[in-house]
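Chains as they are written, first to last, in this note's numbering: chain A, 397 to 796; chain B, 974 to 1235.
All residues carry an ideal CB built from backbone N, CA and C; glycine is no exception.
The structure displayed is predicted, hence computed values, not measured ones.
Structure record follows, encoded as structure tokens.
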């Protein structure tokens, strides 16, 4: 972001804060200091710096509310360490969320930059296709590794039924390293807008929903434009999803499934994904107050699969179906100290990913986190390709 | 003739009532009268929860608390953390069904979604404190067998002592308690102290009610100190700004309002 844009932003925040004072609402946020070290690369600092997040929120009567959060992130590891570099070289400023809520008797609306997460499973959610991922910014905070989108969302309530309608005018892709020379993204025009519908309800202790999403695959389809030039293209998809969760005592049972209709419905193009079904079944178990366990099985099945066609893709043919598992454990080690590990293991490739962290609530509003991101697997597997991106991190966060 | 019949009925009722007071009240009688004191349909308050460890660490949480007894006998509770800042916005909704599985929903602002969660029974700790969900909920009179023990005095006042034993293994397992001894003031029927024993009948926790606030003519436990003697951990729960019968609608206790935090 250029500095001639930063000044108006700071001015806007100042005005917001002033207005906030007028309405006696809430100015909050946090300051945190962080350090991420790559243990595979002679302990190179990948990230080291500090962040200020300012949040402004409030209500305007009973019918409206607003919220805005802005990050001022300084990463010394990304600044140019040179006598000629400006002192703000590692500074980035970006909105996390900024939206307005409108409440009516039977409907709520949210307009603006926001997160909209769908699905009942943990970590792997086939129906969750609205907010892209930032795979280069995995941390303990969801707002780091998910990217907010500009959207209009309406929730309509009819007794036990909730209908959610979402419109997303601009496409935002996943942030990830791609082996391409160029990327083709959908133009910002109304005809390329994405939208989704979700119908949610419950019967007894069973929550369930049906959903539909029309948009773009957030990962690019890699194509060849003559050797060795590669380019990526974000192609339309339609996703038909369903999910459920129910509880029985200390147990919760959940499932989530989505059918992805791609641009290659008959499976004739080796470069484009065929239609596929991704499903997750899982269970949560709370044996004691101090431990919670989650186990999930993930299944991916490709339709119209012809191995001869798939092998024409120089990237290699993926199998018709894959199985993987995702687990999560949270343990209160002692009062105010908790440990959490999230792991994903792919059975076909034998590769895995683990995010683990230890949290200590040092005082009211003060938290210390130590963690690690660990990738493992054969060099051509999804997690094996990033095996040298392991990270060990520490964060101190003071909320106000 | 009709008037005579009516007068006879009134007389018989008065006789029964006077006989009821005349005989020494049983443990069941005392508990029934104590539990039936509250007269409100809904309540809201600001709760300050202070947690103290044996290492001397202290954490203070502030919670907006709403509860309602619904017409179908369900108890609904909605809580929102307002302080400290790192947990502000966290919401919890619990619906205790008279018959059937209780429902619990958690809203974590960081995850931006409401999630139905499993429960480790009503014996699970409330917000990491020494109070369990059973402790803060409405006890079911018929779940326990009551034995009145020798009266005592508490702060100079005559006090009933009631031993409560779970009627079934399921209740013992759900609540986590094998026995509760309750100390109840004889004049106002205030439960001023309770001693909780775990499933193996080891002394687990001691509750001291430090302060009562009169709400709708009934004393409400507005300052409670729960000490876990096994891990030497203490939680203090204080209720302020108590309001009753403000007409909180039943649909307030829903996922919709749980996530409408701001």
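Bridge partner(s) assigned by DSSP for residue 545 of chain A | DSSP, once it has assigned bridges, lists A/510 as partnering residue 545 of chain A.
Own chain, CB closer than 8 Å to residue 524 of chain A, minus 5 neighbours either side, in chain order = These residues qualify, in order along the chain: 513, 514 and 515.
Start-end ranges of the alpha helix (DSSP H) lying completely within the region 988-1039 of chain B, minimum 4 residues | Fully enclosed alpha helix (DSSP H) runs of 4 or longer: 1000-1008.
Please state whether DSSP places residue 794 of chain A in a helix, a strand or coil.
-> Strand at residue 794 of chain A.
Any chain A beta carbon closer than 8 Å to residue 1168 of chain B | So, not an interface residue.
Would you verify that the beta carbon of residue 1009 of chain B is, or is not, closer than 8 Å to some beta carbon of chain A?
-> For residue 1009 of chain B, no CB of chain A lies under 8 Å from its own CB, so it is not counted at the interface with that chain.
Between which two residues does the alpha helix (DSSP H) carrying residue 1148 of chain B extend?
-> Residues 1142-1148.
Neighbourhood of residue 1206 of chain B by C-beta distance below 8 Å, restricted to the same chain and skipping five residues each side | Once the five neighbours on either side are set aside, the close Cβ partners of residue 1206 of chain B are 1024, 1025, 1026, 1027, 1103 and 1200.
Does any CB atom of chain B fall closer than 8 Å to the CB of residue 418 of chain A?
-> A caution first: residue 418 of chain A carries a pLDDT of 47, below 50, which makes its placement in the model too unreliable to give a value.
Over the uninterrupted alpha helix (DSSP H) stretch that includes residue 1229 of chain B, give me the two end residues.
-> Start and end: 1228-1231.
Neighbour flag for residue 788 of chain A against chain B, beta carbons, 8 Å | No, residue 788 of chain A does not count as interfacial toward chain B.
Going by the beta-carbon positions, is the gap between residue 789 of chain A and residue 441 of chain A smaller than 8 Å?
-> No, the pair does not count as a contact, with Cβ atoms beyond the cut-off.
Output yes or no for whether 8 Å exceeds the beta carbon distance between residue 570 of chain A and residue 614 of chain A.
-> Yes, these two residues count as a Cβ contact at 8 Å.
Rounded C-alpha distance that separates residue 713 of chain A from residue 706 of chain A = The alpha-carbon atoms of residue 713 of chain A and residue 706 of chain A are separated by roughly 5 Å.
Along the region 1033-1050 of chain B, what residues have a CB closer than 7 Å to any CB found in chain A?
-> Those residues of the region 1033-1050 of chain B that come within reach of chain A (Cβ to Cβ, closer than 7 Å) are 1033.
How is residue 599 of chain A classed by DSSP in three states: helix, strand or coil?
-> Reduced to three states, the DSSP call for residue 599 of chain A is strand.
Residues in the region 422-433 of chain A having any Cβ partner in chain B nearer than 9 Å = Cβ contacts with chain B: 422, 424, 425 and 426.
Would you give the residue range spanned by the beta strand (DSSP E) that residue 641 of chain A belongs to?
-> First-last of the beta strand (DSSP E) with residue 641 of chain A: 632-644.
Neighbouring residues, chain A, relative to residue 1206 of chain B (Cβ below 8 Å) | Within chain A, the residues placing a beta-carbon under 8 Å from that of residue 1206 of chain B are 731, ordered along the chain.
Identified DSSP bridge partners for residue 1139 of chain B | BP columns for residue 1139 of chain B point to B/1117.
Give the C-beta separation of residue 1111 of chain B and residue 1048 of chain B to the nearest angstrom, bearing in mind that I take them to be a contact with Cβ-Cβ under 8 Å.
-> Indeed they touch by this definition, with Cβ atoms about 5 Å apart.
Could you pull out every unbroken beta strand (DSSP E) segment of at least 3 residues lying fully inside the region 643-692 of chain A, listed in chain order?
-> Within the region 643-692 of chain A, the complete beta strand (DSSP E) segments of 3 residues or longer fall at 647-657 and 672-684, listed in chain order.
Supposed close pair residue 786 of chain A, residue 771 of chain A - CB separation, criterion 8 Å = Right, the Cβ-Cβ distance comes to about 6 Å (below 8 Å), so this counts as a contact.
Which residues in the same chain as residue 727 of chain A place their Cβ atom closer than 7 Å to its Cβ, once the five residues preceding and following it in sequence are excluded?
-> Same-chain partners within the cutoff: 686, 687, 734 and 735.
Contact under 8 Å by Cβ, residue 1013 of chain B with residue 1189 of chain B | For residue 1013 of chain B and residue 1189 of chain B, yes; Cβs fall inside 8 Å.
Expected contact under 8 Å - CB spacing of residue 768 of chain A and residue 747 of chain A to nearest Å = In fact, because the Cβ distance is near 17 Å, the residues do not count as touching under 8 Å.
Determine the extent of the beta strand (DSSP E) in which residue 467 of chain A is found, giving its start and end residues.
-> If you look at residue 467 of chain A, you'll find it in the beta strand (DSSP E) that goes 460-471.
Quick one: list the residues of chain A neighbouring residue 1098 of chain B, beta-carbon separation under 7 Å, in chain order.
-> Residues of chain A passing the Cβ test: 685.
From the DSSP output, which residues share a beta bridge with residue 754 of chain A?
-> Residue 754 of chain A pairs with A/735 and A/766.
If residue 607 of chain A and residue 563 of chain A are in contact, beta carbons under 8 Å, what's the gap, nearest whole angstrom?
-> Under the criterion of beta carbons closer than 8 Å, residue 607 of chain A and residue 563 of chain A do not qualify as touching, at roughly 14 Å.
Using DSSP with H/G/I as helix, E/B as strand and the rest coil, what is residue 418 of chain A?
-> For residue 418 of chain A, the predicted model reports a pLDDT of 47, less than 50, meaning its position is unreliable and no value from the coordinates is stated.
Closer than 8 Å by beta-carbon distance: list the chain B residues that pair up with residue 648 of chain A, in chain order.
-> Simply 1089, 1090 and 1091.
Of all Cβ atoms in chain B, is any one closer than 8 Å to the Cβ of residue 500 of chain A?
-> Residue 500 of chain A does not count as touching chain B.
Mind checking residue 1182 of chain B: buried by the 16 CB within 10 Å criterion, or exposed?
-> Burial call: buried.
Hey, residue 522 of chain A and residue 629 of chain A: beta-carbon distance below 8 Å or not?
-> Their beta carbons are not under 8 Å apart, which means residue 522 of chain A does not touch residue 629 of chain A by this criterion.
Just reading off the beta strand (DSSP E) that residue 1177 of chain B is part of, what are its end residues?
-> According to the DSSP assignment, residue 1177 of chain B belongs to the beta strand (DSSP E) that extends over 1176-1188.
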